[in-house]
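*Asks:* Please read through the structure below; I'll follow up with questions.
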Amino acid sequence: MNADNDKKQVDLSVNIGKVRLANPVMTASGTCGYAYELRDFVDLGRLGAFVTKSITREERVGNAPQRTVETASGLLNAIGLANMGLDKFIEGPLALLARMSVPVFVNVAGKTVDDYIAVAEALAGRDEIAGLEINVSCPNVKEGGITFGTDPKILADLVGRVRQVAANKVLIAKLTPNVTDITVTARAAIDAGADALSLINTLTGMVVDVERRRPVLANRTGGLSGPAIKPVAVHMVERVYREVAGPAKVPIIGLGGIACALDALEFIIAGASAVGVGTAVLTNPPALIEVIEGIEAYLARHGMSSVAELVGSLQ
Amino acid sequence: MNADNDKKQVDLSVNIGKVRLANPVMTASGTCGYAYELRDFVDLGRLGAFVTKSITREERVGNAPQRTVETASGLLNAIGLANMGLDKFIEGPLALLARMSVPVFVNVAGKTVDDYIAVAEALAGRDEIAGLEINVSCPNVKEGGITFGTDPKILADLVGRVRQVAANKVLIAKLTPNVTDITVTARAAIDAGADALSLINTLTGMVVDVERRRPVLANRTGGLSGPAIKPVAVHMVERVYREVAGPAKVPIIGLGGIACALDALEFIIAGASAVGVGTAVLTNPPALIEVIEGIEAYLARHGMSSVAELVGSLQ
Amino acid sequence: MNKESQKKSGRTRGQFVARVAAQLQRGEHHRALVLSFCGESAEVMACAEPGQFVQVACRDISRPRMSVPQLRRPISISGVSEDPIALGLGNGHCRDGCGREVMVRIIYRVHGPGTNWLAHQAVGEEIDIIGPLGRGFNLPKDKDTRVILIGGGVGLPPMFFSADRLKRNGCSDVLGIAGAATRGLFCCDLLNEADGIEDALVPGKYVREFGPSNTPVLLAADDGSIGFKGNVVQALDGYLKRNEQWRSAEVFACGPKPMLRAVANFCQEHSMNCQVCLESYMGCGIGVCQSCAVAMRSEGKDRESPKKYRLVCAHGPVFDAAKVDWDA
Amino acid sequence: MNKESQKKSGRTRGQFVARVAAQLQRGEHHRALVLSFCGESAEVMACAEPGQFVQVACRDISRPRMSVPQLRRPISISGVSEDPIALGLGNGHCRDGCGREVMVRIIYRVHGPGTNWLAHQAVGEEIDIIGPLGRGFNLPKDKDTRVILIGGGVGLPPMFFSADRLKRNGCSDVLGIAGAATRGLFCCDLLNEADGIEDALVPGKYVREFGPSNTPVLLAADDGSIGFKGNVVQALDGYLKRNEQWRSAEVFACGPKPMLRAVANFCQEHSMNCQVCLESYMGCGIGVCQSCAVAMRSEGKDRESPKKYRLVCAHGPVFDAAKVDWDA
Ligand SMILES: Cc1cc2nc3c(=O)[nH]c(=O)nc-3n(C[C@H](O)[C@H](O)[C@H](O)COP(=O)(O)OP(=O)(O)OC[C@H]3O[C@@H](n4cnc5c(N)ncnc54)[C@H](O)[C@@H]3O)c2cc1C
Ligand SMILES: Cc1cc2nc3c(=O)[nH]c(=O)nc-3n(C[C@H](O)[C@H](O)[C@H](O)COP(=O)(O)OP(=O)(O)OC[C@H]3O[C@@H](n4cnc5c(N)ncnc54)[C@H](O)[C@@H]3O)c2cc1C
Ligand SMILES: Cc1cc2nc3c(=O)[nH]c(=O)nc-3n(C[C@H](O)[C@H](O)[C@H](O)COP(=O)(O)O)c2cc1C
Ligand SMILES: Cc1cc2nc3c(=O)[nH]c(=O)nc-3n(C[C@H](O)[C@H](O)[C@H](O)COP(=O)(O)O)c2cc1C
Ligand code: FES
Ligand code: FES
């Protein structure tokens, strides 16, 4: 029976808004650059979708180093949204991304609503991209980043206005886990028109250099990612799926600590339609492909014909 | 110079409210039982203080098993406040605890304010104990536990009323990290009369059994502890110290992932006057003593004469 | 001197550093690890009882901080001896010359990260052990009591230790029943005799580890690949039908929960006393965390509280089978 | 065939499994690990340039999931060769018989969890490696250019590789300067000749790893425990005062940041070209995470943005010393 099932063709495709992904595995913003950097290590054409590093209206040089530090099964980062800015992104990486065979989502960040609007407007007209992921949750930029993601009113306003200027693009709201009740922000984003939710961004944390009596990161705090945070992420996905996104039929992209197919399956069973792999790519780029293959093997082994059957199948 | 300093006597004592601890190292509630269980593994007389497992008014049998599961550098638990209840606690463990040479704090939990009051009142009259730690943050009990810790008004009311019935005891409020802004609940607890704050309790999380498509824990969700959460805990201690507790001169007991002296020193430098060791005791009881000795050695090596010099010394 | 110090500390358990004296393959999927304890730890370990377990730190002793896995792994003690040969070793194992040396054998299935790490520890390496823990089997006071030791899968190891101790106590009517899904899953050394079994319900000297105690054993493989074709309860039933005098025996059982439930039911139906050695997920193994709760049958007075839990690590792992709530 | 496949893939870097061919002690605190690469990985590694590094997964290849440490550890390539003897091995090391075999040497200080793990890998074990990464030293086109290779502490290894390649390119006027706090901290094999140094500012054959390229070297120990008493800049200064013709030399430097800053300042003052090989904390090593930024001197047009960062892993680790913002 197993042998039979293994051969059966399983349907890995999923929809994120009106975009169809060949499989549910995406990159996580900020951990896979603009794709070309990974060329030598992984065949990105096999992914479900590619998500870029956050793009801001103006170039940002990023935070002073030290920008990352390893923690127990985690990584604390305060890159500070270092990126080349909208114009250079369109000239350079976007041209390369256009050649990719898989849907591309551009992650957008900003200090003000106008910043987001400017980037979203400029990208709304580009056929090369399938949609926008708005990062309302990056905890590293003091100038407001944190507010968008934690106050449901401000969040709804932002999502609503981006929705207007990018009506033709799939809109993903990427939420921060640093809130008392993630269903409140999830609901706000959905009501304001988000086509999908990404859960979760990083947890705010700090590492102290005990000898120098300073924070290790120049930015003092950073965002915690990696296997350490996976239980928190799975919980938030499960809760949002059950209480908000499932009933509203809004897909969730689950991420936070995924390093192998078993991790991804936890998220999918908990309610994620797709998953993102972040920190694991830094140390093991082929993890992206291993996750796809492992999900496929799991479905085959369990005699399931599509990944959709698995989404939210938690008992 | 170093050799000289090593010999210099360092003062490890700290004050938590009006209670003086010989050193800043305490047990974390729920991970060290009622002390007698650890007899064969560690000399608890060397601790700064002992904190009991949460006590509730009535006996609680706790959650159905499976109650814990290991995660990457963490532990997810949903014990469900299993405990013998107030009366049996006073008859049994308290009598044994009375013989301990170090200050004892009883951790108190409940479903209603009245539950807390009943336990606090009964214990306020007992000379055996130095104070109460009120657990407003256990995320495992659905009947309200989570509300006390996340709503500053309800929290303040609870702390204020416990304060009244236990005026003669040191009162520690143990806060939950599952909030948008920990300074809000910290301020509420301090304003309502808490003598000290314990930061942090566990982060809510879930682990999915992918084969059975169920949560691994019978309670579905649990609280995440251990090294995985340390960066989050250090950050919260640092923020609360800087913005609220430091100015108010209210000591913080820092905990979350401490497994060795270096971990404890991160918390102390970030602003904790004392530290708690929890999950690490489960796998390595002598960690409690190693932390004390390591702090002492650090102070000596840096030519400091007291741990107080180090508290909040982060640059 | 040693007696003195034991008296002074009075400890029946502790956290110790043991040295690997041997690492042996057992069956296709199992390994036996013999740990050597010296000094005070030898005194403490020498008092271990069958059914007790140790908590093994599955990580390098020099790297306690960021290491994975964190939790210790509970493993039953399958033998304690000062004589290496009694634990299946030759005489030539490494000796520490540290005074009294006591060897403890554990037998384990290589499964996940913990047992994988264990399988990589070579002779001479040091391992951090907490033990002996829990409450073992209640050994019969009366030497004439018959005892049936039932071990399924990786539940067999504590039965080897039980057999040793029963023999030492003078009990001579002891029967082993070892069960597994198939031949390759027995966690013991099957002797050549096991291949020539003619009547599967006649116990024999089939298992090396039962050798020192001279315990005859029935083998039961679900697929009939060796010994009796069927599970341990069917084997027990078959044996009792032929040997009515054994119906008064005490049963000790350890193995997967469905097997234990079946054994417990059988014993209840046949009015046999049965002690079971349970497993559960452990956080500490020493009674501080309440992770390892198992549900017990609630008695009258407990009606208002839905369940009564007991801690496997502190109140068990051995329980009276009649008290366990098998439906929880 | 091999050329074909290299052309087809066209890769200059990749993720490969290497086999430990040798693990040697170097000085008191350092170790040299020789890694063997076969098949496509051999082709790719053969093209490594001095200054480039590899990202080493410091964990068992079979346990990628919950393992600690997570991040790979960046280590400079200190030599690449098909000839084991050139890397300090005997001839008798394990060969895979897998076609072309290329050996890569790394030299490292045993420091924390990652390098500790590395130090425990025995000959024959497999290690997951990403490389070669980054941009190496710009080797002079002109064979007559003099080059001074300055390595401080664990910055010395890339200088061995540089010396090899300079020699292969036909550059013959190459001088090494090796610095360390004290004798025991040199990460190389000091030859007997080093003990008989009469004039510390006369270069000699003191370091085994400079042997294959025949590069003479000055030793500088802060405490004077061997060679010149002082730091590498003082040694350089002293040498140049006696050997004015070397003032036109290019300087390659690698070592701790304070040393590099001092070398860079010296070179600027003396109008010497200087390339430095920098370290920084790395998340990926392949340019996707922006962890490894270092500040560069901002030029006119960048005034509005306070700093200009470059990525050590992608734009470096070798930079023009004059462009680095040493005060950041
Ligand atoms: C009292 C007791 C006695 C045992 N005796 C033996 C024995 O003699 N031989 C033997 O092979 N096994 C024995 N076990 C089971 C053994 O503990 C597990 O096989 C071991 O923990 C697996 O760890 P792992 O890292 O290799 O695998 P993992 O992949 O981590 O786990 C595999 C299985 O072990 C269970 N497990 C993991 N961690 C723990 C833990 N901390 N506590 C309890 N269960 C856990 C998991 O639920 C899972 O089912 C015993 C268990 C208990 C409770
Ligand atoms: C381009 C480059 C080349 C290097 N070449 C060599 C070399 O040839 N030989 C050598 O011994 N060392 C070299 N290093 C340094 C080496 O990477 C560190 O010594 C190593 O990472 C220490 O890891 P650990 O786990 O043993 O110690 P840890 O205790 O983890 O760290 C010790 C030190 O290493 C640093 N470190 C830890 N992780 C990283 C990381 N991911 N990226 C960068 N630094 C880190 C820490 O900041 C700390 O100062 C190089 C570093 C870089 C960036
Ligand atoms: C180095 C690094 C940089 C990141 N940069 C971004 C970013 O620019 N925008 C964003 O929305 N998320 C960013 N993230 C967050 C990740 O996309 C992801 O949400 C988070 O890391 C959790 O997933 P993981 O555990 O798989 O990494 C970054 C994470 C890391 C580790
Ligand atoms: C098994 C277990 C049981 C716990 N029980 C309690 C409890 O009863 N009351 C309480 O306030 N906190 C309880 N905690 C939380 C700890 O006291 C501590 O706040 C948390 O685990 C973080 O510290 P650690 O990482 O050092 O364990 C428990 C934690 C664990 C792991
Ligand atoms: S495992 Fe902790 S109480 Fe039993
Ligand atoms: S280390 Fe990731 S970009 Fe350089």
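Chains as they are written, first to last, in my numbering: chain A, 42 to 356; chain B, 42 to 356; chain C, 213 to 540; chain D, 213 to 540. Note that CB positions come from ideal geometry on N, CA and C, so glycine has one too. Fair warning: this is a prediction, and the values are worked out from it, not measured in the lab.
Measuring from the CB of C/C504, is there a heavy atom of ligand 1 at a distance below 8 Å?
*Replies:* Position 292 of the third sequence, counted from the first residue, corresponds to residue 504 of chain C. Taken from the Cβ of C/C504, at least one heavy atom of ligand 1 lies inside 8 Å.
*Asks:* Taking the beta carbon of B/A338 as the centre, do at least 16 other beta carbons fall within 10 Å, making it buried, or is it exposed?
*Replies:* Residue mapping note: residue 338 of chain B aligns to position 297 of the second sequence, counting from 1. B/A338 comes out exposed.
*Asks:* What residue ranges within the region 284-348 of chain D form continuous beta strand (DSSP E) runs of no fewer than 3 residues, ordered along the chain?
*Replies:* 285-288, 291-293, 313-321 and 338-345
*Asks:* Can a CB atom of chain D be found closer than 9 Å to the CB of A/A105?
*Replies:* Here the question's residue 105 of chain A lines up with position 64 in the first sequence. Answer yes: the Cβ-Cβ gap between A/A105 and chain D drops below 9 Å somewhere.
*Asks:* Between A/K215 and ligand 3, is the CB less than 8 Å from at least one heavy atom?
*Replies:* If you number the first sequence from 1, residue 215 of chain A lands on position 174. It does: the Cβ of A/K215 is within 8 Å (strictly closer) of some heavy atom of ligand 3.
*Asks:* Got a sec: does ligand 3 put a non-hydrogen atom nearer than 8 Å to the Cβ of D/N455?
*Replies:* The residue labelled residue 455 of chain D in the question sits at position 243 within the fourth sequence. D/N455: no, Cβ never under 8 Å from ligand 3.
*Asks:* Can you tell me which of A/E307, A/K129 and A/S314 puts its alpha carbon nearest to the alpha carbon of A/I57?
*Replies:* Here the question's residue 57 of chain A lines up with position 16 in the first sequence. Proximity to A/I57 across A/E307, A/K129 and A/S314 peaks at A/S314, based on C-alpha coordinates.
*Asks:* Which value, in whole angstroms, describes the spacing of the CA atoms of A/E78 and D/G499?
*Replies:* Residue 78 of chain A sits at position 37 when you count from the first residue of the first sequence. Residue 499 of chain D sits at position 287 when you count from the first residue of the fourth sequence. Cα to Cα, the separation comes out at about 6 Å.
*Asks:* Between which two residues does the alpha helix (DSSP H) carrying A/G201 extend?
*Replies:* As a first step, residue 201 of chain A is located in the first sequence; it is residue number 160 there, counting from the start. Here the alpha helix (DSSP H) through A/G201 covers P193 to V206.
*Asks:* Whose Cβ in chain D lies nearer than 7 Å to the Cβ of A/G74?
*Replies:* To locate residue 74 of chain A, count along the first sequence from 1; it is residue 33. Going along chain D in sequence order, the residues near A/G74 (Cβ under 7 Å) are G499 and V500.
*Asks:* B/S346: buried (16+ other C-beta within 10 angstroms of its C-beta) or exposed?
*Replies:* Start at 1 with the first residue of the second sequence, and residue 346 of chain B comes out as number 305. It counts as exposed.
*Asks:* Give me, in chain order, the residues of the same chain whose beta-carbon lies closer than 8 Å to that of A/N260; leave out the 5 immediate sequence neighbours on both sides.
*Replies:* Numbered from its first residue, the first sequence carries residue 260 of chain A at position 219. Excluding positions up to five away in sequence, the list reads N104, A105, R108, A119, G121 and N181.
*Asks:* Quick check on C/P529: does DSSP put it in helix, strand or coil?
*Replies:* For the purposes of this step, residue 529 of chain C is identified with residue 317 of the third sequence, where counting begins at 1. In this structure, C/P529 counts as strand in the three-state DSSP scheme.
*Asks:* Who are the neighbours of B/V249 on chain A, taking C-beta pairs under 7 Å?
*Replies:* By one-based count along the second sequence, residue 249 of chain B stands at place 208. What B/V249 touches in chain A: V275, E307, I310, A311 and L355.
*Asks:* Can you look up B/E334 in the DSSP assignment and give me helix, strand or coil?
*Replies:* Locating residue 334 of chain B in the second sequence gives position 293, where the first residue counts as 1. Helix.
*Asks:* Starting from the C-beta of A/Q50, find all residues in its chain whose C-beta is less than 7 Å away, skip the five residues before and the five after it, and write them out in chain order.
*Replies:* Residue mapping note: residue 50 of chain A aligns to position 9 of the first sequence, counting from 1. Counting only Cβ-Cβ distances below 7 Å, and skipping sequence neighbours, we find nothing.
*Asks:* Between C/A526, C/A465 and C/G450, which has its C-alpha nearest C/A375's C-alpha?
*Replies:* On the third sequence, residue 375 of chain C is found 163 positions in, with the first residue counted as 1. Nearest option by C-alpha distance: C/A465.
*Asks:* Under the criterion of a Cβ to heavy atom distance below 8 Å, does C/M508 qualify as lining ligand 5?
*Replies:* Here residue 508 of chain C is taken as the residue at index 296 of the third sequence, counted from 1. Not under cutoff, so the answer is no.
*Asks:* Leaving out five residues on either side along the sequence, give the residues of the same chain with a beta carbon under 8 Å from the beta carbon of B/F91.
*Replies:* What you label residue 91 of chain B is simply residue 50 of the second sequence in a count that begins at 1. Taken in chain order, the residues that qualify are M67, T68, C73, A76, L85, L138, M141, V143, P144, V145 and F146.
*Asks:* Among B/L355, B/S354 and B/E350, whose alpha-carbon lies nearest the alpha-carbon of B/S54?
*Replies:* The residue you call residue 54 of chain B lines up with position 13 of the second sequence. Comparing Cα-Cα distances from B/S54 to each of B/L355, B/S354 and B/E350, the minimum goes to B/E350.
*Asks:* Does DSSP put B/E184 in a helix, a strand or coil?
*Replies:* In the second sequence, the residue the question calls residue 184 of chain B occupies position 143. Annotation note: pLDDT 45 at B/E184 (below 50); position unreliable, coordinate value reported separately. B/E184: coil per DSSP, three-state reduction.
*Asks:* Closest to B/D168 by C-alpha separation, out of B/V211, B/A237, B/G190 and B/A150, would be which residue?
*Replies:* Stepping through the second sequence from its first residue, residue 168 of chain B is reached at position 127. The shortest CA-to-CA distance from B/D168 to any of B/V211, B/A237, B/G190 and B/A150 is the one to B/V211.
*Asks:* How about A/N325: is its C-beta nearer than 9 Å to some C-beta of chain D?
*Replies:* Locating residue 325 of chain A in the first sequence gives position 284, counting from the first residue. True, the Cβ-Cβ gap to chain D drops below 9 Å.
*Asks:* Quick check on the contact list: which residues have their beta carbon closer than 5 Å to a heavy atom of ligand 1?
*Replies:* C/F265, C/L283, C/R285, C/P286, C/I287, C/S288, C/Y320, C/R321, C/H323, C/G324, C/P325, C/G326, C/T327, C/V366, C/P369, C/E491, C/Y493, C/M494 and C/P529
*Asks:* Would you check if the region 313-332 of chain B and the region 266-281 of chain A touch, i.e. whether three or more CB-CB distances between them fall below 8 Å?
*Replies:* no
*Asks:* For a quick check, are the C-beta atoms of A/S95 and A/G71 less than 9 Å apart?
*Replies:* Translated into the one-based positions of the first sequence, residue 95 of chain A becomes position 54. Translated into the one-based positions of the first sequence, residue 71 of chain A becomes position 30. For A/S95 and A/G71, yes; Cβs fall inside 9 Å.
*Asks:* Got a sec: does ligand 4 put a non-hydrogen atom nearer than 8 Å to the Cβ of B/K129?
*Replies:* As a first step, residue 129 of chain B must be located in the second sequence, where it is residue number 88. Checking every heavy atom of ligand 4 against the Cβ of B/K129, none is found closer than 8 Å.
*Asks:* Let me confirm a value: C/R380 is counted as buried when at least 16 other C-beta atoms fall within 10 Å, else exposed. Which label applies?
*Replies:* Within the third sequence, residue 380 of chain C is the residue found at index 168, counting from 1. Looking at its Cβ environment, which holds fewer than 16 other Cβ atoms inside 10 Å, C/R380 is exposed.
*Asks:* Quick check: the region 350-362 of chain D against the region 463-478 of chain D, are there 3 or more CB pairs under 8 Å?
*Replies:* yes
*Asks:* Using beta carbons (cut-off 9 Å, strictly below), is A/I270 in contact with chain B?
*Replies:* The sequence position of residue 270 of chain A within the first sequence is 229, counting from 1. Closer than 9 Å: yes.
*Asks:* Which of helix, strand or coil does DSSP assign to C/Q446?
*Replies:* Within the third sequence, residue 446 of chain C is the residue found at index 234, counting from 1. The answer is helix: DSSP assigns C/Q446 an H, G or I state.
*Asks:* B/E111 versus chain C: which residues are under 8 Å apart at the beta carbon?
*Replies:* Counting from 1 along the second sequence, the entry for residue 111 of chain B is found at position 70. Residues of chain C passing the Cβ test: P281, Q282 and L283.
*Asks:* Can you tell me the Cα-Cα spacing of D/A412 and D/M315, whole angstroms?
*Replies:* As a working mapping, residue 412 of chain D is identified with position 200 in the fourth sequence. As a working mapping, residue 315 of chain D is identified with position 103 in the fourth sequence. About 34 Å.
*Asks:* Determine which residues of the region 219-236 of chain C have a Cβ less than 7 Å from any Cβ of chain B, and write them out in chain order.
*Replies:* Residues R223, R225, G226 and Q227.
*Asks:* For B/G133 versus B/L265, is the C-beta distance shorter than 9 Å?
*Replies:* Your numbering for residue 133 of chain B matches position 92 in the second sequence. Your numbering for residue 265 of chain B matches position 224 in the second sequence. No. Outside cutoff.
*Asks:* Excluding the five sequence neighbours on either side, which residues of its own chain have a C-beta within less than 6 Å of the C-beta of C/A561, listed in chain order?
*Replies:* The shown model of chain C, from 213 to 540, leaves out residue 561 of chain C, and the question about it has no answer.
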